[in-house]
Amino acid sequence: MKNKIYHNPRCSKSRQTLQLMNDNNAEVEIVEYLKTPPTAEEILTLCKQIRIAPKDLVRMKEPILKELGFSKKSELSDKEWCKLMSENPKLIERPIVVYNGKVVLGRPPEKVLDII
334 MKNKIYHNPR CSKSRQTLQL MNDNNAEVEI VEYLKTPPTA EEILTLCKQI
384 RIAPKDLVRM KEPILKELGF SKKSELSDKE WCKLMSENPK LIERPIVVYN
434 GKVVLGRPPE KVLDII
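In the working numbering, the protein residues as written are 334 to 449.
Written out as structure tokens, the structure reads:
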């Protein structure tokens, strides 16, 4: 698995995480996931590696979730949550960092230090 960060340049936590990576000379491919969303399969794989349910990767306070008729109480399968995030990447919690075969959600940004 290639070293990368699923990054949103408008997100302060994502920018802070990327800065920590740069400060520690940890080279990663920057994937602006709003422009190039991961597939549902990629999201499912990332969730398994982070050891969280796909539902836990969803930004539940994003207005688009409600607009689409969903909420944290929605009973979707893991694959359905992943498909929803892939089709609506604003729903993906960020940043997600893949480094040397390990995956972490950069919340807080310092969590990335555990894998670099």
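Note that CB positions come from ideal geometry on N, CA and C, so glycine has one too.
- Are proline 422 and leucine 367 touching if we call contact CB-CB under 8 Å? Yes, they are a contact pair.
- Query: To the nearest angstrom, how far is it from the Cα of methionine 418 to the Cα of leucine 424?
  - Reply: Methionine 418 and leucine 424 have their C-alpha atoms spaced approximately 6 Å apart.
- Message: Tell me the rounded alpha-carbon separation between aspartate 447 and lysine 406.
- Response: Roughly 32 Å separates the two Cα atoms.
- Message: Measuring only the C-alpha atoms, how far is glycine 402 from asparagine 358?
- Response: Straight through space, the alpha carbons of asparagine 358 and glycine 402 are spaced by roughly 43 Å.
- Item | Straight-line Cα distance separating glutamate 408 from valine 345 | One detail in the question is off: residue 345 reads as serine in this sequence, not valine. In this structure, the alpha-carbon of serine 345 lies about 31 Å from that of glutamate 408.
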